[in-house]
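Residue numbers (the UniProt record's numbering): 1 to 79.
Virtual Cβ for every residue (Gly too), placed ideally from N, Cα, C.
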């Protein structure tokens, strides 16, 4: 599980919740794109990573979002 998904689930937010918070920052990203970023299927842009970090109040950094494979959860192997 990626740091982004762990952070979202810890807050009990849906992808739509995150999308709405991003929209408040002027970053229109739909929940489908967020899902792909969360699953590691699609890389976030630097701007999206910055805004996601803001949405989560700095609990995760841009590096966590851009390079999720470097931050495995306990029990997961690093790629």
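Whole-angstrom Cβ separation of residue i and residue j, contact assumed at under 8 Å?
{"i": "residue 65", "j": "residue 4", "result": "6 Å"}
{"i": "residue 48", "j": "residue 29", "result": "6 Å"}
{"i": "residue 50", "j": "residue 38", "result": "Actually they are not in contact, since the Cβ atoms of residue 50 and residue 38 sit about 17 Å apart, beyond 8 Å."}
Report the three-state DSSP secondary structure of residue i (helix, strand or coil).
{"i": "residue 73", "result": "coil"}
{"i": "residue 32", "result": "helix"}
{"i": "residue 38", "result": "helix"}
{"i": "residue 62", "result": "helix"}
{"i": "residue 68", "result": "helix"}
Given 7 Å as the limit, tell me if residue i has its C-beta closer than that to any heavy atom belonging to the ligand FMN.
{"i": "residue 33", "result": "Of ligands this structure carries none, so the ligand FMN is not represented either."}
Residue i lies in the alpha helix (DSSP H); which residues open and close that run?
{"i": "residue 44", "result": "Per DSSP, residue 44 belongs to no alpha helix (DSSP H) and is neither H nor E."}
{"i": "residue 3", "result": "3-10"}
{"i": "residue 22", "result": "15-24"}
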